[in-house]
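For reference, the structure is listed below as structure tokens.
There are 2 protein chains.
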Amino acid sequence: MIERLIMKKRIIIVEDNISIREGFRAVLETIEKYEVMNLYSNVEEALEHLDQDLPDIVLMDIELPGMDGIAGTTRIKKQYPDCIVLIITVLEDSEKVFRSLCAGAGGYIVKNSNISEIVQNIDEALAGGAPMSLSIARMVVQSFQQQQNSPLTERETEVLQGIAEGKSYSKIALDLYVSKETIRSHIKNIYRKLEVSSKADAIKVANSNKWVTGRAL
Amino acid sequence: MIERLIMKKRIIIVEDNISIREGFRAVLETIEKYEVMNLYSNVEEALEHLDQDLPDIVLMDIELPGMDGIAGTTRIKKQYPDCIVLIITVLEDSEKVFRSLCAGAGGYIVKNSNISEIVQNIDEALAGGAPMSLSIARMVVQSFQQQQNSPLTERETEVLQGIAEGKSYSKIALDLYVSKETIRSHIKNIYRKLEVSSKADAIKVANSNKWVTGRAL
DNA sequence: TACAAAATCCCCCAAAATGGGTGATTGATT
DNA sequence: AATCAATCACCCATTTTGGGGGATTTTGTA
Chain A
18 MIERLIMKKR
28 IIIVEDNISI
38 REGFRAVLET
48 IEKYEVMNLY
58 SNVEEALEHL
68 DQDLPDIVLM
78 DIELPGMDGI
88 AGTTRIKKQY
98 PDCIVLIITV
108 LEDSEKVFRS
118 LCAGAGGYIV
128 KNSNISEIVQ
138 NIDEALAGGA
148 PMSLSIARMV
158 VQSFQQQQNS
168 PLTERETEVL
178 QGIAEGKSYS
188 KIALDLYVSK
198 ETIRSHIKNI
208 YRKLEVSSKA
218 DAIKVANSNK
228 WVTGRAL
Chain B
18 MIERLIMKKR
28 IIIVEDNISI
38 REGFRAVLET
48 IEKYEVMNLY
58 SNVEEALEHL
68 DQDLPDIVLM
78 DIELPGMDGI
88 AGTTRIKKQY
98 PDCIVLIITV
108 LEDSEKVFRS
118 LCAGAGGYIV
128 KNSNISEIVQ
138 NIDEALAGGA
148 PMSLSIARMV
158 VQSFQQQQNS
168 PLTERETEVL
178 QGIAEGKSYS
188 KIALDLYVSK
198 ETIRSHIKNI
208 YRKLEVSSKA
218 DAIKVANSNK
228 WVTGRAL
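Line by line, the protein sequences are chains A and B. With my numbering as the guide, the letters of the first sequence map in order to residues 18 to 234. With my numbering as the guide, the letters of the second sequence map in order to residues 18 to 234.
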């Protein structure tokens with residue numbers, strides 16, 4: 018029989034809890050297509066050995082002593098954009114989920130998964146998918162809704178949206194078919210309502226309250 | 018035995034395909050806790066009868082003659098923010114999914130679902146969930162990643178990010194601990210690389226290519 | 001119908017920001 | 001040696017911005 022020449026997928030694990038860390042290692046070592054390169058208890062150590070480990074997959078805990086998993090994900094993706102970082106997690110904190118996805122996390126693995134789930138998740142990630150529980154996906158999706166309660170009128174929101182897109186008063190006026198002075202008038206009201214006195218501050222307030230769509234579509 | 022006083026959930030369906038429309042109706046009418054108020058083949062008609070129908074749930078097709086389901090969702094959510102709009106869909110177009118979620122869609126129902134799936138999805142939505150297939154959830158999540166291939170350097174990206182947040186050159190300079198002239202210099206390079214000559218255009222280009230994080234975090 | 005809120009427009013003014021030039025220096029990386 | 005990235009400087013004209021004062025019309029609702 019011919020030996021199959023498969024390239025094993027290189028994996029490292031960054032997790033401070035020794036039982037979870039060793040648990041994952043034990044599981045992954047039973048799978049022949051995976052090779053666990055190294056285990057680390059913090060991000061700093063893992064970063065130092067990145068160029069030796071050259072991982073295809075990083076299993077990363079989110080809460081770690083020192084640099085946390087989100088910052089770690091950012092660093093790793095900066096050095097090796099093709100490396101897939103999967104976050105190991107127990108409970109989901111909406112804000113952390115959101116930020117880790119922005120940092121470039123490729124998916125989520127639940128800490129108490131069984132072997133087949135873990136393998137399935139990793140394979141899915143390697144195939145270009147974004148493994149995660151439905152509850153996490155929902156969390157992300159819901160971050161798109163739930164704006165509401167804006168003190169601004171519809172028109173004012175339109176104007177502020179223009180500001181958030183970097184347009185000048187004149188440009189906004191053109192786009193909304195009104196005079197530049199009208200825009201100025203709206204801006205004054207917006208500043209008064211939001212208690213700010215500059216574009217940047219207005220954007221910050223409106224953005225954090227989701228009164229404008231962050232992403233330009 | 019005492020009659021249970023349950024408030025039936027009021028549902029309307031907006032779908033131009035008559036067999037799908039009637040199919041959904043047939044399914045939903047077998048469930049006692051639902052009441053199908055009306056069926057419409059376009060958004061315009063549905064909007065006209067909103068204040069009579071007062072739906073708790075709207076099942077909305079995304080491709081419709083006249084106003085499409087996304088614009089329809091926006092209108093309905095504007096009038097009745099608590100009304101839950103579920104998109105009925107066959108195949109998923111990443112852009113449409115994204116836009117309908119931004120419009121306030123509460124979830125997705127696959128057109129060829131069976132009864133129990135449909136009921137489950139609607140109940141989930143009513144319970145505050147965001148029902149959708151894993152593939153759609155992934156699509157949304159992936160919209161957070163896949164930036165890459167930016168012609169801008171790291172520093173230039175930082176500067177552009179500042180611009181996208183509405184900061185002035187001076188403010189960006191302060192935040193990055195460099196001179197205002199340095200920022201100006203970076204801006205000039207950014208404009209040259211992106212072939213633009215204004216803040217608004219630079220933001221637009223960078224945003225559509227996801228070279229900056231749209232949402233301020 | 002009468003009132004309030006929203007949307008529209010106008011003028012003045014001074015300070016700040018912007019965009020386009022044309023440079024220069026330093027430190028990496030190749 | 002050559003290139004690129006990042007840093008800083010000075011000139012200039014134009015535009016933008018923010019704050020002040022108003023005014024008018026439309027709209028929704030009490």
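The beta-carbon is built from N, C-alpha and C at its ideal position, and this holds for glycine as well. All values derive from a computational prediction rather than experimental measurement.
Segment limits, beta strand (DSSP E) that includes residue i
i: G124 (chain B); result: 124-127
Spatial neighbours of residue i in its chain, beta-carbon cut-off 8 Å, leaving aside the 5 residues before and after
i: T47 (chain B); result: I132
i: C100 (chain A); result: P72, D73, I74, V75, I93, K94
i: K26 (chain A); result: K50, Y51, E52, D73, I74, I139, L143
i: T192 (chain B); result: The sequence given here places Asp at residue 192 (chain B); Thr does not occur at that position. Excluding residues within five positions, the ones whose Cβ falls inside 8 Å are G179, K184.
i: E39 (chain B); result: L56
Rounded Cβ spacing between residue i and residue j (contact assumed at less than 8 Å)
i: I79 (chain B); j: K113 (chain B); result: 6 Å
i: I200 (chain B); j: G183 (chain A); result: The pair is not a contact, with the Cβ atoms about 15 Å apart (cut-off 8 Å).
i: Y57 (chain A); j: I35 (chain A); result: The Cβ separation is near 11 Å, so there is no contact.
i: V60 (chain A); j: V102 (chain A); result: With a Cβ gap of about 11 Å, V60 (chain A) and V102 (chain A) do not count as contacting.
i: L118 (chain B); j: V157 (chain B); result: 7 Å
i: H203 (chain B); j: E171 (chain B); result: Actually they do not touch by this definition, with Cβ atoms about 11 Å apart.
Residues sharing a beta bridge with residue i, DSSP
i: I28 (chain A); result: A:V53, A:I74
i: K191 (chain A); result: Checking the displayed sequence, the identity of residue 191 (chain A) turns out to be Leu instead of Lys. Paired residue(s): none; L191 (chain A) is not in a bridge.
i: L177 (chain A); result: L177 (chain A) is not bridged to any residue.
i: T106 (chain A); result: A:V127
Residue range of the alpha helix (DSSP H) that includes residue i
i: A223 (chain A); result: 216-225
i: D99 (chain A); result: It is not in any alpha helix (DSSP H) - D99 (chain A) carries neither H nor E in the DSSP assignment.
i: L64 (chain A); result: 60-65
i: D140 (chain A); result: 132-143
i: I207 (chain B); result: 197-211
i: G40 (chain B); result: 35-46
i: L169 (chain A); result: L169 (chain A) -> no alpha helix (DSSP H), and no H or E assigned at all.
i: E112 (chain B); result: 111-120
Beta-carbon proximity list for residue i, same chain, < 6 Å, skipping 5 on both sides
i: S167 (chain B); result: W228
i: Y208 (chain B); result: S214
i: D70 (chain B); result: I29, M54, N55
i: S111 (chain B); result: M156
Same chain only: Cβ atoms within 7 Å of residue i, ignoring 5 sequence neighbours per side
i: V222 (chain A); result: L211, V213
i: S225 (chain A); result: none
i: L234 (chain B); result: For L234 (chain B), the predicted structure reports a pLDDT of 42, less than 50, and the residue's modelled location is therefore unreliable. The matter cannot be settled from this model.
i: V136 (chain A); result: I48
i: G123 (chain B); result: I101, V102, L103, A142, A147
i: A217 (chain A); result: none
i: R116 (chain A); result: I87
i: T90 (chain A); result: M77, V102, S117, A120, G121, A122
i: D33 (chain A); result: S58, N59, D78, L81, P82
i: T106 (chain A); result: I79, Y125, V127, K128
i: H66 (chain B); result: N55
i: D279 (chain A); result: Since the displayed chain A opens at 18 and closes at 234, residue 279 (chain A) lies outside it and no answer follows.
>> Give me the subset of the stretch 205-219 of chain B whose CB atoms are less than 7 Å from a CB atom of chain A, sorted by chain position.
In response: The residues in question are K216, A217.
>> Output needed in chain order: residues of the stretch 170-185 of chain A with a Cβ under 8 Å from some Cβ in chain B.
In response: Listed by position, the residues of the stretch 170-185 of chain A near chain B (Cβ gap below 8 Å) are I180, A181, E182, G183, K184, S185.
> Which residues, in chain order, does the stretch 121-146 of chain B contribute to contact with chain A at a C-beta distance below 7 Å?
Replying inline: Against chain A - using a Cβ distance shorter than 7 Å - the residues of the stretch 121-146 of chain B are G121, G146.
> Taking any Cβ of chain B, which residues in the stretch 72-102 of chain A have a Cβ under 7 Å from it, in chain order?
Replying inline: Closer than 7 Å at the C-beta level to chain B, one finds these residues of the stretch 72-102 of chain A: P98.
> Listed from N- to C-terminal order along the chain, which residues in the stretch 53-71 of chain B have their beta-carbon within a distance smaller than 7 Å of any beta-carbon of chain A?
Replying inline: Within the stretch 53-71 of chain B, no residue places its CB atom closer than 7 Å to a CB of chain A.
>> So if I threshold CB-CB distances at 8 Å, which residues from the stretch 188-202 of chain A count as touching chain B?
In response: Answer set for the stretch 188-202 of chain A: K188.
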